[in-house]
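Since the structure comes first, as structure tokens, the remarks are kept for the end.
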Amino acid sequence: MTTISEQQNTAVPRQGLGLVHTLDAAERDALRARLQAGPAGVACREAVEASALPLERIGATLFGGDVPFCLLRNLPVDALAQDWAVGPAPLASSLLVGVTAALGLANFGYVEEKNGAILQDVHPIGGAEQTQSNAGRVAFHMHVESPFLPRAARPEVGALICLNNDSAAPTRIATVDLVKRQLSAAHLVALRQPDFRLRHDQSFDVNGYTLTVDSALLKEIDGRDETRCGVHVDGLHPAAQAAVDAWKRAADAVALDLVLEPGDLLLFNNYRCMHGRGAVEGRRWLKRVYSTRDTRLLSDRLISMWHAVGARDIDHSF
Ligand SMILES: O=C(O)CCC(=O)C(=O)O
Ligand SMILES: [Fe+2]
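Sequential numbering from 31 applies to the sequence shown in the working numbering.
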């Protein structure tokens with residue numbers, strides 16, 4: 031028989047919210063007016079800088095906070111008609127560009143993913159229902175963006191803005207710190223060894239090749255642990271496989287479910303958080319951008335994965 035205190039001790043903790051900031055109606059309308067007044071680019075950044083968004087706190091949370099993700103709510107996004115289809119969404123696009131620029135981030139796409147698209151539409155796509163990708167409908171397991179690429183080629187920050195979520199599918203998020211706390215010391219030691227094989231994401235067109243890399247899944251960088259655990263990863267021996275299985279189970283167990291609503295913008299540190307998505311049953315449309323402060327591999331706002339894996343002057347060990 032278990033006592034109540036034992037039950038509490040074994041209960042799985044849930045990821046707490048990082049910074050949440052909601053604009054009031056007047057602040058939202060003022061930001062909309064500023065975004066609509068100017069053309070794209072610099073004007074978006076200036077509109078965001080002039081808004082009521084607490085940019086310093088957002089930056090401090092993303093780059094140095096204990097819970098490095100932020101939910102910004104009630105932002106002015108494009109109103110959709112009843113029979114909307116995915117298409118241009120100038121307000122949502124301006125917000126992604128403006129907020130990331132105001133945080134000192136550079137946006138980029140990959141040459142080999144979605145034809146180099148920088149602002150990407152995230153929605154279910156016919157034929158991809160069963161895939162582990164943001165075009166799928168089945169639950170998308172916890173992952174980081176582009177885990178198979180070296181850190182300098184991975185997004186530092188992922189940004190997702192919601193235009194529609196009729197399906198009420200949750201975006202799931204968990205920090206490395208909280209996932210770590212669920213694991214045994216032996217599993218954590220195992221995750222720090224280069225005993226894991228990561229394979230390229232399905233969203234990349236690798237010209238028929240299979241790109242793999244062997245790496246640790248957990249590493250301390252600048253005093254904080256980071257992960258590069260993705261969906262497509264195998265342990266190279268049974269103890270490594272047991273450790274990654276435990277890691278994925280823990281990430282699933284502690285993840286916070288955020289049902290984004292139109293006007294919600296989620297920003298997360300992609301080195302220090304994992305994210306995923308529940309199953310999608312109805313309509314849904316987010317816009318996404320990858321951002322980074324590390325622009326060494328960027329050329330004309332693009333990273334080529336072939337260039338990244340061949341680059342001599344970056345760390346390829348993690
Ligand atoms: O659709 C979501 O909520 C998240 C999907 C995702 O993981 C992504 O687009 O990177
Ligand atoms: Fe993702």
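Backbone N, C-alpha and C define an ideal beta-carbon position, used for all residues, glycine too. Source: prediction; values computed, not measured.
| Item | Value |
| --- | --- |
| E145 (DSSP reduced to helix, strand or coil) | As written in the sequence, residue 145 is Asn, which differs from the Glu given in the question. Note: N145 maps to helix in three-state DSSP. |
| DSSP state of G134 mapped onto helix, strand, coil | coil |
| Bridge-paired residues (DSSP) for F352 | Nothing about residue 352 can be read from this structure; the chain reaches only from 31 to 348. |
| Integer Cβ distance of C303 from F99, believed to fall under 8 Å | 6 Å |
| Simplified DSSP assignment, three categories, for D343 | coil |
| Candidates T91, T52, V152: closest to L105 by CA position | T52 |
| Cβ-heavy atom distance, T201 to ligand 1, below 6 Å | yes |
| Own chain, CB closer than 6 Å to Q295, minus 5 neighbours either side, in chain order | Note that residue 295 is Leu in the sequence shown, not Gln. Closer than 6 Å at the Cβ level, and outside the excluded window around L295, lie L102, L105, I191. |
| Cross-strand partners of C5 (DSSP beta bridge) | In the structure displayed, the chain extends from 31 to 348; residue 5 sits before or after that span and is not available. |
| Identity of the residue in P84, E186, W277, R227 nearest V209 by Cα | W277 |
| For D287 and V42, the rounded distance between their alpha carbons | 14 Å |
| Cβ contact check for the segment 233-240 and the segment 193-202: 3 or more pairs under 8 Å | no |
| Reduced DSSP category for S329 - H, G, I as helix; E, B as strand; rest coil | strand |
| For D235, the nearest candidate out of T322, E142, D255 (CA to CA) | E142 |
| Close beta carbons around S35, own chain, < 6 Å, minus the five adjacent residues each side | Any reading at S35 needs caution, since the residue's pLDDT is 47, under 50, leaving its predicted position unreliable; the model's value is listed next. So the list is empty, once near-sequence residues are dropped. |
| Presumed contact (8 Å Cβ cut-off) between S321 and N137, rounded CB distance | 5 Å |
| V116 and P292 closer than 7 Å at C-beta | no |
| M335 to Y301 span [Cα, whole Å] | 18 Å |
| Outcome for R331 when other beta-carbon atoms lying within 10 angstroms are tallied against a minimum of 16 | exposed |
| Inter-residue Cα distance where the pair is Q37 and A122 | With a pLDDT of 47 at Q37, under the threshold of 50, the predicted position of this residue should be treated as unreliable, and no value is reported. |
| V263 CB to nearest heavy atom of ligand 1 below 6 Å | no |
| Buried versus exposed call for R87 [16 or more other C-beta atoms within 10 Å across all chains shown] | exposed |
| C-beta atoms of S197 and V310 nearer than 7 Å | yes |
| Rounded separation between V187 and G48 - CA only | 14 Å |
| Touch test, the segment 144-164 against the segment 64-82, Cβ-Cβ under 8 Å, three pairs minimum | no |
| Same chain only: Cβ atoms within 6 Å of A220, ignoring 5 sequence neighbours per side | A269, A270, A273 |
| Opening and closing residue of the alpha helix (DSSP H) in which A281 lies | 268-284 |
| Reduced DSSP category for A189 - H, G, I as helix; E, B as strand; rest coil | strand |
| Opening and closing residue of the alpha helix (DSSP H) in which I155 lies | Premise fails: I155 is in no alpha helix (DSSP H) and is neither H nor E. |
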